[in-house]
Amino acid sequence: MQYTYVLSGWEGSAADSRVLRDAINRPNGLRVPTGNYYLCDCGYTNGPGFLAPYRGVRYHLDEWSSGRAAPQNHRESFNIDPLEDEVLNLLSGSNTQEQEGTDYVDQVETTQIWTNWRETLAISMYNEWRGNR
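Mapping to full-length UniProt numbering: the sequence shown position 60 is 60, numbers consecutive.
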C-alpha cells in the first residue's frame with residue numbers, strides 16, 4: 001500500500017464527501033490528474049477522479065468463482081475485491097505527481113458521463129470474467 005495524500009484534523013463523524021471536498025480544494029491538497037482516478041468505498045461519490053462500488057450491491061464474497069455465491073451480474077462482479085486488480089491494471093504507468101500543464105479534478109460531484117463510464121467498465125469486466133470461467 002502506498003499513501004499519496006494524508007489529511008488529518010477532521011472528526012471521525014465528518015461525512016466522507018465533505019472531507020474529500022476539503023482535500024481537493026486546499027492549496028496543497030489532493031491532486032488527481034484528469035483521466036485518472038482513485039478506487040474508494042461507497043461512502044464517497046462516484047464521479048470524476050473517484051471510482052466507487054455500487055451501493056446496495058453485495059461484495060466481499062468469500063467464494064466468488066462458482067456456485068450460488070458467484071457474481072450474478074456486472075454490478076456484483078465490479079464490487080468484488082479480486083477484480084480490483086483488473087481495475088488497477090488500467091492505472092499502470094500513470095503518474096499522479098503534479099506536472100506542469102496537467103489538468104486536475106477540482107470538484108467532487110457525480111456526473112452522468114462518469115456513471116455511464118463505470119457501468120460500461122463493469123459490464124466489460126463481468127463479460128471478461130464470464131469468458132474466463
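Every residue, glycine too, gets a C-beta built ideally from N, C-alpha and C.
Could you tell me which residues DSSP pairs with G9 in its beta bridges? Looking at the DSSP assignment, G9 forms no beta bridge with any residue, so it has no partner.
Rounded C-alpha distance that separates F50 from Y38: A direct Cα-to-Cα measurement between F50 and Y38 gives close to 5 Å.
Unbroken alpha helix (DSSP H) run spanning Y126, endpoints: Q112 to G131
Express the C-alpha separation of L30 and A70 in angstroms, rounding to a whole number. C-alpha of A70 to C-alpha of L30: approximately 36 Å in a straight line.
Classify I80: buried if its beta carbon has 16 or more other beta carbons within 10 angstroms, exposed otherwise. buried
Hey, how far is the Cα of N127 from the Cα of D41? 23 Å
Just to confirm, are R55 and V108 a CB contact at a threshold of 7 Å? No, the pair does not count as a contact, with Cβ atoms beyond the cut-off.
Cα-Cα separation, I123 to G131: Computed Cα separation, rounded: 12 Å.
Every unbroken alpha helix (DSSP H) within the region 11-54, with a cutoff of 4 residues, ordered by chain: 16-25
Relative to the alpha-carbon of A15, which residue among N116, Y5, P53 and T45 has its alpha-carbon at the smallest distance? T45
Thinking C-beta only, is P53 closer than 7 Å to Y104? Inclusion of Y104 and P53 in the CB contact set at 7 Å is not warranted, their separation being larger than that value.
What's the call for W10, buried or exposed, on a 16-neighbour Cβ count within 10 Å? exposed
Could you check the C-alpha separation between N73 and S8 for me, to the nearest Å? The C-alpha of N73 lies about 38 Å from the C-alpha of S8.
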